[in-house]
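Q: Taken in order, these protein sequences are the chains called A and B. Residue numbering for the first sequence is 1 to 254, as defined by my numbering. Residue numbering for the second sequence is 1001 to 1363, as defined by my numbering.
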Amino acid sequence: MESELVIEDLECVYKKPSTLTDTPLHYCPGCGHSIVHKFIMEVVEEMGIQETTIGVAPVGCSVFAYNYMNVDMQEAAHGRASAVATGIKRVRPDKFVYSYQGDGDLAAIGTAETIHTVNRGENILMIFINNAIYGMTGGQMAPTTLAGQVTSTSPYGRDVKQIGYPLKITEMIAMLPGAYYVTRQSINNVNSCRKLKKAIRIGFENQKLDKGTSFIEVVSNCPSGWKQTPLETMTWIEENMFPTYPLGDIKVSK
Amino acid sequence: MEKKINKTEARLMKGNEALAEAAIRAGMDAYFGYPITPQSEILEYFETEIPKRKGVVLQAESELAAINMIYGAAGAGARVMTTSSSPGISLMQEGLSYIAAAQLPCLVVNVVRGGPGLGTIQPSQGDYFQAVKGGGHGDYHLIVLAPSSVQEMADFVFLGFRLAEKYRMPAMILSDGALGQMMEKVDLPEEGSLPHTIPGWATMGKPASRERNIITSLHLQSEKMEEINLVLQENYKKLKSEVRFEEFQTSDADILLVAFGLSARVCQKTVELAREKGIKVGLLRPITLYPFPSVRIKELAAKVDFILDVEMNAGQMVEDVALAVNGIKPVHFKGRMGGMIPSPEDVLEEIESIIEKQSVGVF
Chain A
1 MESELVIEDL ECVYKKPSTL TDTPLHYCPG CGHSIVHKFI MEVVEEMGIQ ETTIGVAPVG
61 CSVFAYNYMN VDMQEAAHGR ASAVATGIKR VRPDKFVYSY QGDGDLAAIG TAETIHTVNR
121 GENILMIFIN NAIYGMTGGQ MAPTTLAGQV TSTSPYGRDV KQIGYPLKIT EMIAMLPGAY
181 YVTRQSINNV NSCRKLKKAI RIGFENQKLD KGTSFIEVVS NCPSGWKQTP LETMTWIEEN
241 MFPTYPLGDI KVSK
Chain B
1001 MEKKINKTEA RLMKGNEALA EAAIRAGMDA YFGYPITPQS EILEYFETEI PKRKGVVLQA
1061 ESELAAINMI YGAAGAGARV MTTSSSPGIS LMQEGLSYIA AAQLPCLVVN VVRGGPGLGT
1121 IQPSQGDYFQ AVKGGGHGDY HLIVLAPSSV QEMADFVFLG FRLAEKYRMP AMILSDGALG
1181 QMMEKVDLPE EGSLPHTIPG WATMGKPASR ERNIITSLHL QSEKMEEINL VLQENYKKLK
1241 SEVRFEEFQT SDADILLVAF GLSARVCQKT VELAREKGIK VGLLRPITLY PFPSVRIKEL
1301 AAKVDFILDV EMNAGQMVED VALAVNGIKP VHFKGRMGGM IPSPEDVLEE IESIIEKQSV
1361 GVF
């Protein structure tokens, strides 16, 4: 028996952007990656730049970003996404190029690439997901793990005397002349999400100006790694992450 | 403005500079590199010439970054090259494994210096294993070309790009510090003689008319990853038709020398010296180290008393020679290490010593 669902005379107020594929997401329930993926793809759709956008996926939980983002993409080695994005942008300067990396990828193994890409002022958008943990490998300590935070490799809490302090790489790169737009946003509530999407739009639009690198840190969560419910992670972000990683624009050039 | 130079007009150039000029003439779109002796002239040449002509040149913050820029640019369909010397090439191995797995064409040049470790800046062939057996993790190969003159430093840029693009895999020119630094006469190939079109698989932005293009080496399902491996292996089988080698006085030889690159130049002189003494020596010089001229070496082995493999290392290609000869004749080895170059007389002395002792060979 065939059935047909007919909805008439209703206004469509929300839909998935056409730039996201129909592939079911592999992310844990409540994970911030899916939210950020959606905003990037909404911006690509709204700007009408699907045909001229090339993305670079990282190593980490978002290693399969290219399964969801319906644009041409390259999968980079761990830490090297901004070098790969540099290679693409240098030979295809008329395209919109963005990289997407987590904290271990961008701020530990890829620190040199991150700093030098921004220092060269590569005309790309770098998106940095900071959830203070290595999610994919099972919740190990990240460069951005908070002081005292318990992870599988800091089981007694991060001891800053022994292993150092949470790395505020976004503030570091904001000092570089090549950085054109540096901001820190979050996914902790609807208001933050709106601001994040606006920042992503600015990051893509900036590539038309060719004035330097746009860099967006997203303070995100990891329900599985933090061993919290998605709702609990939002409170934890506000109470624990924001004091170390305060939100807002860090550098806005004219 | 670009100066067109007629192919018949010879120039006196350093190997490194001839290679760089050839790359520009071969239509290289982009070069990413990092300084290291004895090949820094290549980056210097590009930084001087490319702004006046066409293309992209970028001094990366490390060899790690350079090879990953190559990955990105090659994935975006550009004709790209990087160069380095031994320690820097070691740093590029992870990236090369990704490039091989993602089936991206590119050209990598190793102007080899003596190792291991920081080693020396003098010429060596100590990176044969690394170049020919893969180098990084996983089952893969590079096309490996071994020049033995400044002319071949230039010519193999064209050959390297052509083969890399035909087989969608990285190609390596395995040179050494002496070939990079020495000056010789070179006839440069004509500009524009190697056409290049952007391949359909490149990430150029997804038009509505096609599915998105994805450059990746990640396939978590073992069945899929084995499929990718089988595609690579099939490609390496096809590559066997590209075997290249050169022979010198092999038709009546009683003794066969096998040597590549700079060692082959030494051995060519040994052949002359030996023949003056009435010892019939011939030389086979592999030009492609991968694919390796195993078939021809086996044919020649049947006709000679023994084989002497000569290298500037502790004995690396000799293993492939011995595999080819497969025990039908003794295989001997003569090598110098750490940046030392054997002299033609050293090699002749080794031949005479083997004849005198009737020794059985190392393999």
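The C-beta atom is built at its ideal place from N, Cα and C for all residues, glycine as well.
To the nearest angstrom, report how far apart A/V13 and A/E42 are at their CA atoms.
A: Their Cα atoms are separated by approximately 14 angstroms.
Q: Roughly how far, in whole angstroms, is the beta-carbon of B/L1283 from the beta-carbon of B/A1264, given that I think they are within contact range, below 8 angstroms?
A: Sure, about 7 angstroms apart at Cβ, within 8 angstroms.
Q: Determine the extent of the beta strand (DSSP E) in which B/C1106 is found, giving its start and end residues.
A: Where B/C1106 is concerned, the enclosing beta strand (DSSP E) stretches over C1106 to V1112.
Q: Using only the alpha-carbon positions, how far apart do A/G164 and A/I109 sit?
A: Between A/G164 and A/I109, the C-alpha separation is close to 15 angstroms.
Q: Could you round the C-beta distance between B/P1248 and B/V1271 to whole angstroms and report it? I think they count as a contact, below 8 angstroms.
A: The residue asked about is misnamed: residue 1248 of chain B is Phe in this sequence, not Pro. Rounded, the Cβ-Cβ distance is 6 angstroms, consistent with contact.
Q: Within a Cβ cutoff of 7 angstroms, which residues of the same chain sit near B/V1304, ignoring the five residues on either side of it in sequence?
A: The residues are A1253, D1254, I1255, L1256 and K1329.
Q: Compute the Euclidean distance between the alpha carbons of B/K1003 and B/E1021, then round it to the nearest angstrom.
A: Note that B/K1003 has pLDDT 47, beneath the 50 cutoff, so the model's placement of it is unreliable and the number below is only indicative. Each residue's Cα considered, the two are about 11 angstroms apart.
Q: Touch check for the stretch 82-99 of chain A and the stretch 1060-1074 of chain B: three-plus C-beta pairs under 8 angstroms?
A: Yes: at least three Cβ pairs fall under 8 angstroms.
Q: Beta carbons nearer than 9 angstroms to chain B: which residues of the stretch 51-69 of chain A have them?
A: For the stretch 51-69 of chain A, which is checked against every Cβ of chain B, the residues closer than 9 angstroms are E51, T52, T53, I54, G55, V56, A57, V59, V63, F64, Y66, N67 and M69.
Q: Quick one: is B/M1001 near chain A, going by C-beta distance under 8 angstroms?
A: Unreliable positioning characterises B/M1001 in this predicted model, as indicated by a pLDDT of 42, which lies under 50. The coordinate reading is nonetheless provided below. No, its Cβ sits nowhere closer than 8 angstroms to a Cβ of chain A.
Q: Just verifying my parser: in three-state terms, what is the DSSP assignment at B/G1261?
A: Helix at B/G1261.
Q: Say whether chain A places a C-beta atom closer than 8 angstroms to the C-beta of B/G1115.
A: Judged by the 8 angstroms Cβ criterion, B/G1115 is not in contact with chain A.
Q: Flag B/G1095 as yes if its beta-carbon sits less than 8 angstroms from any beta-carbon of chain A, otherwise no.
A: Interface residue, yes.
Q: Would B/M1183 be called buried (16 or more neighbouring beta carbons within 10 Å of its own) or exposed?
A: Burial call: exposed.
Q: Among the residues of its own chain, which have a CB less than 6 angstroms from the CB of B/A1026, if the five just before and after it don't count?
A: Excluding positions up to five away in sequence, the list reads V1157, F1158, F1161 and L1194.
Q: Could you name the residues of the same chain whose beta carbon sits closer than 7 angstroms to that of A/P58, not counting the 5 residues immediately before and after it, in chain order?
A: Answer for A/P58: A76, A81, Y100, Q101, G102 and D105, listed in chain order.
Q: Can A/T137 and A/A107 be called in contact, C-beta distance under 8 angstroms?
A: No; because the gap between Cβ atoms is not below 8 angstroms, this pair is not in contact.
Q: Could you have a look at A/Y98 and say whether DSSP puts it in helix, strand or coil?
A: Residue state, collapsed to three classes: strand.
Q: Where does A/P223 land, buried or exposed, given buried means 16+ other C-beta within 10 angstroms?
A: That one is buried.
Q: Is A/P166 buried or exposed, if buried means 16 or more other CB atoms sit within 10 Å of its CB?
A: That one is buried.
Q: Identify, in the order they occur along the chain, each residue of the same chain with its Cβ nearer than 8 angstroms to the Cβ of A/V63, setting aside the five sequence neighbours on each side.
A: So the list reads A57, E75 and M136, once near-sequence residues are dropped.
Q: Name the residues in the stretch 1206-1225 of chain B whose C-beta lies less than 8 angstroms from a C-beta of chain A; which are they?
A: Cβ contacts with chain A come from K1206, P1207, A1208, R1212, N1213, I1214, I1215, T1216, S1217 and L1218.
Q: Which whole-angstrom value is the C-beta distance of A/Q50 and B/K1185, which I expect to be below 8 angstroms?
A: Not really, about 53 angstroms apart at Cβ, beyond 8 angstroms.
Q: When the Cα of B/G1200 is compared with those of B/G1115, B/N1213, B/L1220 and B/P1123, which residue comes out closest?
A: B/G1200 has its Cα closest to that of B/N1213, out of B/G1115, B/N1213, B/L1220 and B/P1123.
Q: Taking the alpha-carbon of A/E113 as reference, which of A/E232, A/T86 and A/L125 has the nearest alpha-carbon?
A: Ranking A/E232, A/T86 and A/L125 by Cα distance to A/E113 puts A/T86 first.
Q: For chain A, find out if any of its Cβ atoms is closer than 8 angstroms to the Cβ of B/E1049; answer yes or no.
A: With 8 angstroms as the cut-off, B/E1049 does not count as an interface residue toward chain A.
Q: Compile a chain-ordered list of the residues in the stretch 107-138 of chain A whose CB is closer than 7 angstroms to at least one CB of chain B.
A: Within the stretch 107-138 of chain A, the residues whose Cβ lies closer than 7 angstroms to some Cβ of chain B are A112, E113 and H116, listed in chain order.
Q: Please tell me whether A/E286 has its Cβ less than 8 angstroms away from any Cβ of chain B.
A: Residue 286 of chain A falls outside the range modelled here, since chain A spans only 1 to 254, and no answer is possible.
Q: Note down, in chain order, each residue of its chain lying with its Cβ closer than 6 angstroms to the Cβ of B/S1175, except the 5 sequence neighbours on either side.
A: These residues qualify, in order along the chain: V1111 and P1147.
Q: Among the candidates A/G48, A/G60, A/K195 and A/G79, whose CA atom is the shortest distance from the CA of A/N70?
A: Nearest option by C-alpha distance: A/G48.
Q: Would A/S104 count as contacting chain B if we go by Cβ distances under 8 angstroms?
A: According to the sequence shown, residue 104 of chain A is Gly rather than Ser. A/G104 does not count as touching chain B.
Q: Please list the terminal residues of the continuous alpha helix (DSSP H) segment that includes B/S1222.
A: Note, B/S1222: alpha helix (DSSP H), S1222 to L1239.
Q: What residue range is occupied by the uninterrupted alpha helix (DSSP H) comprising A/Y27?
A: Segment: none, A/Y27 is in no alpha helix (DSSP H) and carries neither H nor E.
Q: First and last residue of the alpha helix (DSSP H) that includes A/P67?
A: Before going further, note that residue 67 of chain A is Asn rather than Pro in the sequence given. Element bounds for A/N67: A65 to Y68.
Q: With 7 angstroms as the C-beta to C-beta threshold (strictly closer), list the residues of the stretch 1073-1085 of chain B near chain A in chain order.
A: If the cut-off is 7 angstroms between Cβ atoms, the stretch 1073-1085 of chain B has A1073, G1075, A1076 and A1078 near chain A.
Q: Please list, in chain order, all residues of the same chain as A/N240 whose beta carbon is under 8 angstroms from its beta carbon, the five residues on each side excluded.
A: Counting only Cβ-Cβ distances below 8 angstroms, and skipping sequence neighbours, we find L146 and Q149.
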